Every structure is written in structure tokens, then in C-alpha cells.
Amino acid sequence: MSAEVQVLDTLYRDHHSWLQGWLRRRLGNRCDAADLAQDTFVRLLRAGNAASIREPRDYLATVARGLMVDFLRRRSLEQAYLDVLASQPQAEHPSAEQQALLLEALMDVDRMLDGLGRTVREVFILSQLDGLTYAQIAARLGISLRSVNNYMARAVEHCCLLQAGWQS
1 MSAEVQVLDT LYRDHHSWLQ GWLRRRLGNR CDAADLAQDT FVRLLRAGNA
51 ASIREPRDYL ATVARGLMVD FLRRRSLEQA YLDVLASQPQ AEHPSAEQQA
101 LLLEALMDVD RMLDGLGRTV REVFILSQLD GLTYAQIAAR LGISLRSVNN
151 YMARAVEHCC LLQAGWQS
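For the sequence shown, the positions run 1 to 168 when UniProt numbering is used.
Now the structure itself:
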């Protein structure tokens, strides 16, 4: 067994229960906490830097916090989609396959927007998902119409570059 694997094994034995409890207190759900604790150690395994960790609990909590944010964002997005779907007449409901494709597309857009600043992301969402006009967005956010135009251009450019495989 390599030294890296031995260190990881020790970290897992010493801190897995603590991490799972830490996540359970924040998520309120034992199953989700177990999944995210496991994902945290998988992330640590992939990073290959277990031997260099000086404060294991701080490091594990930081990784788990990032995974938890992603998990909660995805759950929120899924719930918003299901709420919209539930509000539509039965005849307009997409098939299970269409629902899965739509949800995956929403997750792709969410990942694309993750690389943008908060205001740019908010402007894009207000325009594209909430259907607000640029003037309404400017009024709501207390920014100029020119800023809304600039933020939208930046968001669209960012998404296009990512879609084409380029980093912005």
C-alpha cells in the first residue's frame, strides 16, 4: 500500500464519522450527509495531496462545504423546476425523458453561470428565466440600463465561449 493511500486510509478512519455528523447537522438528512462525506473523500483521493494536509478537519470541512453548496444549489434548481412543472396543466407536462433533458440543460446553464460574478449572473437570470426587461432589471437592481446591457453581453459571451469549449 502506497504512503498516500495509507494517509488517506488513516484520514478516513479518523475523520469520516466526524465529517458525516458535521454534514448531517447542516443538511438535516443522514443519507445526504453520508453521500457528501463519501464524495469529500473521493475528491481528496483524486487530488492526491492527502499527505500534505496539516489540518485535516479544516480541509475536509472546506471541501465538504463546497460540495454541499453544489448539492443545495442543484436541489434548489430541481425543486424550482418541479414547482413550475406542477403549476402547468397535465396536457403540457413533458415526458420523463424530456424532464430529464430539461433538468440536465438547466444544470449545464447553472454550471456555465457559476463562473460569472454575482451581479452578472443575477442580471442574466432575471432576463432569461424571469423574463424581465432590461429596464425592469435596472430598476430592480438599482443599476443603469447601460450596466444591464454590459452584464448581459458578458454573460452571453461567457456562455458562448464555454459552449464552444473555450475558457473566458
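Ideal Cβ placement from N, Cα and C applies to all residues, glycine included.
Values in this document were obtained by computation on a predicted structure and should not be read as measured data.
- In this structure, the straight-line span from the alpha carbon of residue 20 to that of residue 110 is close to 27 Å.
- Secondary structure note for residue 161: its alpha helix (DSSP H) is the uninterrupted segment 145-163.
- Annotation for residue 125: 113 place their beta carbon closer than 8 Å to its own, counting only its chain and skipping 5 residues before and after.
- If you keep only unbroken alpha helix (DSSP H) runs of at least 4 residues inside the stretch 98-142, you get 118-128 and 134-141.
- Looking only at 66, 80 and 135, the smallest Cα-Cα distance to residue 103 is reached by 80.
- Residue range 3-27 is occupied by the alpha helix (DSSP H) that includes residue 20.
- Cβ atoms of residue 4 and residue 48 come within 8 Å of each other, at about 6 Å.
- Within the same chain, 41, 44, 50, 53, 56 and 60 come within 8 Å of residue 11 by CB-CB distance, once the 5 residues on both sides are set aside.
- DSSP, reduced to helix, strand and coil, places residue 38 within a helical segment of the structure shown.
- Assignment of residue 55 by DSSP, reduced to helix, strand and coil, places it in the coil class.
- In this structure, the beta-carbon distance from residue 138 to residue 148 falls below 7 Å.
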